[in-house]
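Reviewing the structure listed below.
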Amino acid sequence: MFYKKIIPIKALQDYIQYFWILEDFTNNSSDRCFKIIPDGLPALIFQQEPNLFFDSKGQALPQLYLYGQYSKYTEHTVSGYFSVIGVYLQSTALKTIFGLDAFELNHQNISLEDIVRDAILEQLVNAISLEEKISLISSFFLKQIERVKNNHKKLVHASTLLQNGKALKEVQLEMNLSERTLERIIKQSVGLSPKIFSRIMRFQEGLNSLRQINFENFTELAYQYDYFDQSHYNREFKEFTGTNPRNFILNSKEYLANFPQWLI
Numbered sequence: 001m002f003y004k005k006i007i008p009i010k011a012l013q014d015y016i017q018y019f020w021i022l023e024d025f026t027n028n029s030s031d032r033c034f035k036i037i038p039d040g041l042p043a044l045i046f047q048q049e050p051n052l053f054f055d056s057k058g059q060a061l062p063q064l065y066l067y068g069q070y071s072k073y074t075e076h077t078v079s080g081y082f083s084v085i086g087v088y089l090q091s092t093a094l095k096t097i098f099g100l101d102a103f104e105l106n107h108q109n110i111s112l113e114d115i116v117r118d119a120i121l122e123q124l125v126n127a128i129s130l131e132e133k134i135s136l137i138s139s140f141f142l143k144q145i146e147r148v149k150n151n152h153k154k155l156v157h158a159s160t161l162l163q164n165g166k167a168l169k170e171v172q173l174e175m176n177l178s179e180r181t182l183e184r185i186i187k188q189s190v191g192l193s194p195k196i197f198s199r200i201m202r203f204q205e206g207l208n209s210l211r212q213i214n215f216e217n218f219t220e221l222a223y224q225y226d227y228f229d230q231s232h233y234n235r236e237f238k239e240f241t242g243t244n245p246r247n248f249i250l251n252s253k254e255y256l257a258n259f260p261q262w263l264i
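Number 154 in full-length UniProt numbering belongs to position 154 of the sequence shown; there are no gaps in the numbering.
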């Protein structure tokens, strides 16, 4: 398995977290399962060949598609070799890049051609080098941003505060917003309610710690991230991953963050 992470050009860093490449050219015809774990980020995905990955319902994913927010884990399967380029977008990018109300894409994989007219699928398929493909995607995003350019400072600021662990009441006070207004802003820009988005951000902070530190006592981790107890943490973990922390460590292989291959 080959994985590479690429930081976007400066002009795109407010809209894109990073590009990634995931490839496997081993002769493996058995089905492999990958889980998509909620992380608060939409993404653009390009598959070098059609009909590589299939969703949890057995439907082939579009060759070039956007997906929105997930509030629970889902699964994709693949057999044989594959080559995929992904773009992890900023949490507000469906609004700031495409002018969409982000909740419209929740739990969906939508062909880019259904959203914009000048989708770049044919150019990407014909491009030879990785650098050329990244350049094509970057140019597409720059043009798209110019088309829908608007003042999104308030919604970006609100989502950033929540991503950084601010409590909902703190965000309301800092931005002088009512609970209803904050709810509307976050749902339109991110796609989720502030409460669910905050839960995902807290879960992701704990998951990052789990990746870096060998926790023998998960109760310590639960208290560190303000869960009531280990049972509360386990329930939250299972909702977002389908399993408990110990099984996640033992039975997954994570080349790409929040897209682990499931080994059993």
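Yeah, the Cβ is synthetic: ideal placement off N, Cα and C, and Gly gets one too.
Which residue marks the beginning of the alpha helix (DSSP H) containing residue i, and which one marks its end?
i, result
"Ala119", "Premise fails: Ala119 is in no alpha helix (DSSP H) and is neither H nor E."
"Glu146", "130-148"
"Lys95", "93-96"
Terminal residues of the continuous beta strand (DSSP E) containing residue i?
i, result
"Thr74", "74-79"
"Asp24", "16-24"
"Gln47", "43-47"
"residue 267", "The question about residue 267 has no answer, for the chain in this structure spans 1 to 264."
"Asp31", "31-36"
"residue 299", "Because the chain spans 1 through 264 in this model, residue 299 falls outside it and cannot be assessed."
"Lys57", "No beta strand (DSSP E) contains Lys57, which DSSP labels as neither H nor E."
"Phe2", "2-6"
"Leu263", "Here Leu263 belongs to no beta strand (DSSP E), and DSSP marks it neither H nor E."
"Glu64", "Correcting the residue identity first, residue 64 is Leu in this sequence and not Glu. Counting along the chain, the beta strand (DSSP E) containing Leu64 begins and ends at 64-67."
Grab me the residues of residue i's own chain with a C-beta within less than 7 Å of its C-beta, minus the 5 sequence neighbours each way, in chain order.
i, result
"Asn244", "Asn234, Phe237, Lys238"
"Ser71", "Pro38, Leu192, Ile196"
"Glu254", "Pro260"
Pick from the options: whose alpha carbon is nearest that of residue i?
i, options, result
"Asp39", "Tyr227, Asp229, Ala158, Glu205", "Glu205"
"Gly80", "Leu66, Arg117, Arg32", "Arg32"
"Thr26", "Gln13, Val78, Pro62", "Val78"
"Tyr225", "Glu216, Phe240, Asn214, Arg199", "Arg199"
"Val148", "Leu177, Asp101, Leu173", "Asp101"
"Val116", "Asn214, Ser129, Ile97, Leu210", "Ile97"
"Tyr223", "Gln108, Phe259, Thr241, Arg202", "Arg202"
"Leu130", "His232, Pro260, Trp262, Phe19", "Phe19"
"Phe54", "Lys35, Ile16, Asn214, Gln69", "Lys35"
"residue 267", "Gln59, Asn28, Ile21, Gly58", "In the structure as shown, the chain begins at 1 and stops at 264. Residue 267 is therefore absent and cannot be evaluated."
"Asn109", "Gln90, Ala60, Ile145, Ser139", "Ala60"
"Arg184", "Phe103, Arg246, Gln144, Asp229", "Phe103"
"Ile145", "Asp14, Ile6, Lys4, Ile213", "Asp14"
"Asn217", "Arg246, Gly165, Val190, Arg211", "Arg246"
Considering only residues of the same chain and omitting the five flanking positions on each side of residue i, which have a CB-CB separation below 8 Å?
i, result
"Leu136", "Ile120, Gln123, Leu124, Ala127"
"Lys195", "Leu168"
"Ile186", "Leu155, Ala158, Ser159, Leu162, Leu192, Ser193, Pro194, Phe197"
"Leu182", "Ala158, Leu168, Val171, Gln172, Met175, Pro194"
"Ile264", "Asn251"
"Ile16", "Pro8, Val87, Tyr88, Leu89, Gln90, Ala93, Phe141"
Give every residue of the same chain whose Cβ lies closer than 6 Å to the Cβ of residue i, excluding the five residues on either side of it in the sequence, and list them in chain order.
i, result
"Glu23", "Phe2, Ser83"
"Gln48", "Ser83"
"Leu44", "Leu66, Val87"
"Leu52", "Val78, Phe82"
"Gln188", "Asp101"
"Asp118", "none"
"Tyr227", "Tyr233"
"Glu113", "Ala119"
For residue i and residue j, which I take to be in contact (beta-carbon distance under 8 Å), what is that distance rounded to the nearest angstrom?
i, j, result
"Ser111", "Pro62", "4 Å"
"Ser159", "Thr92", "5 Å"
"Leu12", "Leu142", "7 Å"
"Phe240", "Tyr73", "6 Å"
"Lys153", "Ile85", "Between Ile85 and Lys153 the Cβ distance is about 30 Å, and since that is not below 8 Å, they are no contact."
"Asn106", "Gly68", "5 Å"
"Leu221", "Ser231", "Not really, about 13 Å apart at Cβ, beyond 8 Å."
"Pro8", "Ser138", "7 Å"
Please list the segments of the alpha helix (DSSP H) lying wholly inside the UniProt domain "HTH araC/xylS-type" (152-251), counting only runs of 4 or more residues, in order along the chain.
153-163, 168-175, 179-189, 194-212, 218-224, 230-241, 245-251
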